[in-house]
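The numbering of the sequence shown is the UniProt record's numbering, which starts it at 1 and goes up by one.
Every residue, glycine too, gets a C-beta built ideally from N, C-alpha and C.
Input: a single structure, listed below in structure tokens.
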Amino acid sequence: MWQITRVAPEYARGDLVGYAGFDKRDVVGQITSPVLLLRGDSDWLVPQSMVEETSSRIPGSRIAVLSGTGHYPMIENPVEFNQAIRDFAESLS
1 MWQITRVAPE YARGDLVGYA GFDKRDVVGQ ITSPVLLLRG DSDWLVPQSM VEETSSRIPG
61 SRIAVLSGTG HYPMIENPVE FNQAIRDFAE SLS
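This is how it looks when you write it as structure tokens:
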């Protein structure tokens, strides 16, 4: 895993506390642009159920689960990450 695993606990804790209560489920359904939700299959911070629920609220959204990655797939597996975005963008044209 990338260097992010070495973040000092007090900084990580501060980030997590900052996200407590952050809930936009009531407004994501207003998104009208194409949306691709990307998630690493080993992401312990964002469960698959949360991604699926979010996707169900955004009309026409798609989910890509990237293998062998955690919460930072753009760093952990940039090739697959970029390919997922490329495939999504090409599907729109």
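Boundaries of the beta strand (DSSP E) in which residue i is found, first to last residue
i, result
"I63", "R62 to L66"
Opening and closing residue of the alpha helix (DSSP H) in which residue i lies
i, result
"R86", "P78 to S91"
"V51", "Q48 to R57"
Straight-line Cα distance separating residue j from residue i
i, j, result
"I31", "R13", "30 Å"
"L38", "A64", "5 Å"
"R86", "A20", "33 Å"
"residue 159", "P59", "Residue 159 cannot be examined here, being either before or after the span of the chain that is shown, 1 to 93."
"L92", "Q83", "14 Å"
"G29", "S55", "9 Å"
"D23", "P73", "23 Å"
Integer Cβ distance of residue i from residue j, believed to fall under 8 Å
i, j, result
"R62", "F88", "7 Å"
"E52", "L66", "Contact doesn't hold; Cβ gap of about 15 Å is too wide."
"T69", "S42", "6 Å"
Which residues DSSP lists as bridging residue i, in chain order
i, result
"R39", "V65"
Residue i vs residue j beta-carbon contact at 7 Å
i, j, result
"H71", "L45", "yes"
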